[in-house]
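The structure under discussion appears below in the form of structure tokens.
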């Protein structure tokens with residue numbers, strides 16, 4: 010049975026990696042100012058930025074560099090060391106939605122991406138609020 014995954018076709022539609030890096034830069038600009046989320050990230054954001062960009066590129070149908078370099082994404086396991094509750098998820102979503110709004114290449118995919126990010130961020134919750 011084949012099921013259509015609208016997230017997996019976004020890279021082909023966007024056609025290049027640059028908008029993903031712009032999205033990540035916009036997202037982390039918000040994280041830098043977010044009093045709730047900033048303490049969850051390392052001081053140097055270069056590696057998290059690259060990892061997020063590569064993950065998003067791969068998840069949306071682009072090259073599989075993320076898995077080639079880091080193995081299976083195992084996102085829940087990778088995020089377990091960080092306390093993520095509903096407040097953190099909501100703050101993450103605010104920052105990601107603002108980033109999406111700032112990158113016009115994703116306008117046609119915004120609804121699909123917001124739904125994906127909402128489901129994904131909810132999946133990463135690992136503590137009660």
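Numbering (my numbering), first residue to last: 10 to 138.
Note that beta-carbon positions come from the ideal geometry of N, C-alpha and C, so glycine has one too.
Predicted model, so just to flag it, every value in this text is computed and none were measured.
Pair within 8 Å by beta-carbon distance, residue i and residue j
i           : j           : result
residue 98  : residue 55  : no
residue 93  : residue 128 : no
residue 121 : residue 23  : no
residue 105 : residue 36  : yes
residue 71  : residue 26  : yes
Reference residue i; option with closest CA among the options
i           : options               : result
residue 19  : 117, 133, 138 and 124 : 117
residue 89  : 133, 66 and 113       : 133
residue 123 : 137, 80 and 103       : 103
residue 110 : 26, 39 and 46         : 39
residue 115 : 46, 65 and 91         : 65
residue 57  : 73, 87 and 113        : 87
Coil, strand or helix - residue i by DSSP
i           : result
residue 105 : helix
residue 20  : helix
residue 128 : helix
residue 12  : coil
residue 83  : coil
residue 37  : helix
residue 99  : helix
Residue i versus residue j: straight-line alpha-carbon distance, rounded
i           : j           : result
residue 12  : residue 44  : 40 Å
residue 50  : residue 31  : 19 Å
residue 14  : residue 41  : 32 Å
residue 138 : residue 34  : 29 Å
residue 61  : residue 48  : 17 Å
residue 101 : residue 69  : 19 Å
residue 96  : residue 126 : 15 Å
residue 78  : residue 46  : 26 Å
residue 83  : residue 108 : 24 Å
residue 113 : residue 21  : 16 Å
residue 80  : residue 73  : 10 Å
Below-8 Å beta-carbon distance, residue i vs any chain B residue
i          : result
residue 95 : The question asks about chain B, but that chain is absent: this structure has only one protein chain.
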